[in-house]
Amino acid sequence: MFAITNSFMSNILIVLSQFRSTLVWVYHPTCKCIFIFLAIFFVLFQPLAFANTPPDPAYDAFDRGLYLKALKEAKKASQRGEAQANTLVGRIYQEGLGVAQDLPEAIKWYQKGAGQGDTDSQFALGMLLLKGDGIPRDAKLAADFFEEAARKGHVEAQYNIALIYTQGLGRKENLEKAVNYMKQAAEKNNAKAQYDLGTFYSTGLGVKKNFEKAVFWTAKAAQLGLHEAQLEYAIMLFKGRGVQKDVVQAVRFFRMAAYKNNPIAQNRLARLYLYGVGIEPNMIEAAKWHLLARKRGVSDGKLDKLLFRLTQEERELAEKAANSFVEQSDVQ
Numbered sequence: 000m001f002a003i004t005n006s007f008m009s010n011i012l013i014v015l016s017q018f019r020s021t022l023v024w025v026y027h028p029t030c031k032c033i034f035i036f037l038a039i040f041f042v043l044f045q046p047l048a049f050a051n052t053p054p055d056p057a058y059d060a061f062d063r064g065l066y067l068k069a070l071k072e073a074k075k076a077s078q079r080g081e082a083q084a085n086t087l088v089g090r091i092y093q094e095g096l097g098v099a100q101d102l103p104e105a106i107k108w109y110q111k112g113a114g115q116g117d118t119d120s121q122f123a124l125g126m127l128l129l130k131g132d133g134i135p136r137d138a139k140l141a142a143d144f145f146e147e148a149a150r151k152g153h154v155e156a157q158y159n160i161a162l163i164y165t166q167g168l169g170r171k172e173n174l175e176k177a178v179n180y181m182k183q184a185a186e187k188n189n190a191k192a193q194y195d196l197g198t199f200y201s202t203g204l205g206v207k208k209n210f211e212k213a214v215f216w217t218a219k220a221a222q223l224g225l226h227e228a229q230l231e232y233a234i235m236l237f238k239g240r241g242v243q244k245d246v247v248q249a250v251r252f253f254r255m256a257a258y259k260n261n262p263i264a265q266n267r268l269a270r271l272y273l274y275g276v277g278i279e280p281n282m283i284e285a286a287k288w289h290l291l292a293r294k295r296g297v298s299d300g301k302l303d304k305l306l307f308r309l310t311q312e313e314r315e316l317a318e319k320a321a322n323s324f325v326e327q328s329d330v331q
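Counting along the sequence shown from 1, when you hit position 302 you're at 301 in numbering that gives the first Met the number 0, and nothing is skipped either side.
This is the structure in structure tokens:
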């Protein structure tokens, strides 16, 4: 028997809350008991399902930075017919981890893995073929590998084959297929795919224009941390384009993108500080973000005039703050 502890009951409540969020509850004593029983079973026995499963020795060594051991174990696994092991060997040679970088050797292993149907090998080989990195450039063959992996659910392959169909590179342009693959990748939380899908809906590329859907996908990408999406979503919120206008939230997303060194977001944040829109006016902060944006190529005559209006002390404070930001960014 087991003792019911506070921690145990907390886990039960967490699981029950997950059930409530995904199931339609019908109040019936029998149904409720079944759900509670399933929750208890999940908490008690889910860990046991994995407790006796040993970690893969190749990937375990790789994760610990023991690359030579990982290489040795992966080659053994490849001899046993484990297709994914070829990808790991290829990556070690491609990146020169614990060994001299050797692209021809990496390609050989990727080809072996791709031939055995491993989607990671297919994707890796597609990227090398697309760039002509260590192998003659072949956009058509790259597209073949991307599409094969994409059909099996490889999210990065889905995103890349979507781009290929959009650009007509290695494939005849086909916006219908581009949108289809982009949706598949977006639904698997690929932030770039979500952002690009949002762009499709905002511009009407391959789909009917739909600003609400554009906002939906752009917001998802922004929440995942993609700075281009954070900037675009901030603009949508600021202008009320496809979404209710919310200047305070717009400032929040402008700031997120600015801290990721997006120069346009830095410029917009500087203006918001200058005019006190959605935020308390602060001339030193405005000057700081203007200096950072200008350093990255975004000029602004009005903000240049601000610099001339600052006192020597204020200008020095703004420059010091900008330099500190750069130093912290370099460290990160």
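Glycine included, C-beta positions come from ideal geometry on N, C-alpha and C. For clarity, every value in this text was computed on a predicted model and none was experimentally measured.
Exposed is the label assigned to K208, since fewer than 16 other Cβ atoms lie within 10 Å of its Cβ. Scanning its chain for C-beta atoms nearer than 7 Å, with the 5 sequence neighbours on each side dropped, one finds around A60 the residues K68, A69 and E72, in chain order.
According to the DSSP assignment, G114 belongs to the alpha helix (DSSP H) that extends over L102 to G114.
Apart from sequence neighbours up to five positions away, the residues of its chain that approach V154 with a beta-carbon distance below 6 Å are A184, K187 and N189, ordered along the chain. The beta carbon of K182 is closer than 7 Å to those of L196 in its chain, skipping five residues each way along the sequence.
Annotated three-state conformation of I278 is coil, per DSSP. With fewer than 16 other CB atoms across the displayed protein chains lying within 10 angstroms of its CB, N322 is exposed. Using a Cβ-Cβ distance cut-off of 8 Å, the segment 80-94 and the segment 118-134 are in contact, since at least three pairs of beta carbons, one from each stretch, lie closer than that value.
DSSP assignment within the segment 205-285 yields the following whole alpha helix (DSSP H) runs of 4 residues or more, N-terminal first: 210-222, 226-238, 246-258 and 262-274. Its chain contains N266, A269, R270, H289, A292 and R293 as the residues whose beta carbon lies nearer than 8 Å to that of D299, once the 5 sequence neighbours on both sides are disregarded; these appear in chain order. Cβ-Cβ distances below 6 Å link G97 to Y66 and L67 in the same chain, with the five nearest sequence neighbours on each side left out; the list follows chain order. Here E313 has M282, I283 and A286 as same chain residues with Cβ atoms under 8 Å from its own Cβ, once five neighbours each way along the sequence are excluded. Taking all protein chains in view, the Cβ of Q311 is surrounded by fewer than 16 other Cβ atoms within 10 Å, so the residue is classified as exposed. DSSP places V154 in the uninterrupted alpha helix (DSSP H) bounded by V154 to Q166.
Rounded to whole angstroms, E315 and L230 show a C-alpha spacing of 28 Å. Nearest Cα to E227 within the set S201, R240 and A257: A257. Between L140 and R170, the alpha-carbon positions lie close to 10 Å from each other. Secondary structure at V98: coil, using DSSP grouped into helix, strand and coil. Between Q83 and G112, the beta carbon gap of about 7 Å places them in contact (Cβ cut-off 8 Å). In the three-state reduction of the DSSP assignment, P56 falls in the helix class.
For R240 and I106, the gap between their C-alpha atoms comes out near 47 Å. With 16 or more neighbouring CB atoms inside 10 Å of its own CB, S201 falls in the buried class. Between the alpha carbons of K301 and G224 lies a distance of about 30 Å. Per DSSP, T202 is one residue of the alpha helix (DSSP H) stretching across A190 to T202.
The Cβ-Cβ distance between L124 and A138 does not fall below 8 Å. In this structure A99 is exposed. Its beta-carbon is surrounded by fewer than 16 other beta-carbon atoms within 10 angstroms.
Taking 8 Å as the cut-off, the Cβ atoms of Y232 and A192 do not count as close. Following the DSSP letters along the chain, one finds D143 inside the alpha helix (DSSP H) bounded by residues A138 to R150.
L309: not part of any alpha helix (DSSP H); DSSP gives it neither H nor E.
For L65, there is no enclosing alpha helix (DSSP H), as DSSP gives it neither H nor E.
C-alpha of A76 to C-alpha of P54: approximately 13 Å in a straight line.
With contacts defined by Cβ atoms closer than 8 Å, A148 and I163 do not form a contacting pair. DSSP places G300 in the helix class (H, G or I) of the three-state scheme. In the assembly as shown, R295 is an exposed residue. Its beta-carbon has fewer than 16 other beta-carbons within 10 Å.
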